[in-house]
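Worksheet: the structure to be examined is printed underneath.
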Amino acid sequence: MSFFQKYVDLHYKNFLEALQRIKQQPVGNLMTIVVIGIALALPTGLRVMVNNLSMISESWNSATDFTVYLEMSIDEKSANDLARDIEQRSGVGDVVLITREEALADFQEYSGFGEALDTLGENPLPHALIISPADGANSNISELAKTLNAMEETNLVQFDTAWIDRLRSILELTLRVVDIVTVLFGFGVVVVIGNTIRLEINNRQDEIEVTKLVGGSNGYVRRPFLYSGLWFGFAGALIAILIIWGILGLLSSPARSVAQLYESGFRLIGPNFKETLALIGMGTFLGWAGAAVATIRHLRDADPE
């Protein structure tokens, strides 16, 4: 057997032995793994929710319509001509004319003030144009609204996307907070695993001293603990994935009900395959890092005198 084969076999043996040692204390180690899973699931779950909210804001932004209320002196024919003229402009996708009569009928039906309007004797509502921007022209909506507002036929342009901009700013701030939380909880995972490995080193103090007395190197002694850290991180990441999908499953039905109220096809989307692999990789790396920190520090204390 070549040196390389012996080296690989030794790593494989340590890899399996680390798993067996974790299984020897199932309750305590399972609690540690669950804590790691929660620590990984919280920032990842927050990021998933922010991504879902971002998709909602993007869908709102892509459907930003605004309304142009015309002067009372504008008749229906002039309003139709104006609608056709505006529809030819760059950045305009669709223009729908709401006549005074249609606006009054809708107002009477939905406002509950139909009888009060009947006493006025005449229709107080103007013609209105509902304008939808063309695909890809959302960035020029403000300029288009200003141009239409300056026309002599226009009485008022109702255009308010400030709340969408505020929502987007809040989401960007939330994403930065999630980044900070991710770093802090990642550090917490390293501390938890490091402390677990430290306790394991203390429990195997005599074994470590004997191994070093017969010539075992620090790398040889350290290797089983590093694999233990890998197992803790890997298992914690799997628990985190289960937690995230479990929460999404609990929230999917209420989210679908809310979406139906707004006639939207929105549904909660969980982490994709790449994000799942990234979470597993991050958990495994943090497990290795926590074990490495613990072994570097505490194996020095285990040197035989």
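So the number in the numbering used here is just where the residue sits in the sequence shown, counting from 1, plus 256.
Glycine is no exception: its CB is placed at the ideal position from the N, C-alpha and C atoms.
Assigned exposure category for residue i - 16 Cβ within 10 Å defines buried
i	result
S346	exposed
G537	exposed
I436	exposed
R479	buried
I464	buried
S318	Note that S318 scores a pLDDT of 49, beneath 50, so its modelled location is shaky; the value from the coordinates is reported in the next line. The residue is exposed, with fewer than 16 neighbouring Cβ atoms inside 10 Å.
R356	buried
I278	buried
F529	exposed
V466	exposed
G521	exposed
G450	buried
Cutoff 9 angstroms: residue i Cβ touching any chain E Cβ
i	result
V434	This model lacks chain E altogether; it includes just one protein chain.
C-beta atoms of residue i and residue j nearer than 9 angstroms
i	j	result
T288	I500	no
I292	G539	yes
D321	P389	yes
G505	A547	no
I386	I354	yes
Y483	N270	yes
L296	A550	no
L275	W544	no
T323	A384	yes
G492	V290	yes
F441	L533	no
CA-to-CA distance, residue j to residue i, given in whole angstroms
i	j	result
N307	P510	18 angstroms
V351	G489	57 angstroms
R198	L498	What is shown of the chain runs 257 to 561, which leaves residue 198 out entirely.
L542	E531	16 angstroms
M311	R523	10 angstroms
H267	L309	45 angstroms
L326	K402	14 angstroms
G349	A339	12 angstroms
L507	D421	26 angstroms
T262	V470	At residue 262 the sequence reads Lys, which differs from the Thr that was named. So the two alpha carbons sit approximately 19 angstroms from each other.
V445	L423	32 angstroms
L427	M305	10 angstroms
E273	L494	20 angstroms
I342	E399	14 angstroms
L404	T438	47 angstroms
So, does the region 442 to 462 touch the region 542 to 556, judging by three or more C-beta pairs under 8 angstroms? yes
Would the region 330 to 343 and the region 397 to 411 be scored as touching if the rule is three or more Cβ pairs under 8 angstroms? yes
Quick one: which unbroken alpha helix (DSSP H) runs of 4-plus residues sit fully inside the region 403 to 482? Chain order, please. 418 to 459, 461 to 469
Mind listing, in chain order, the continuous alpha helix (DSSP H) runs of no fewer than 4 residues lying wholly within the region 293 to 346? Entirely contained in the region 293 to 346, the alpha helix (DSSP H) runs reaching 4 residues are, in chain order, 332 to 343.
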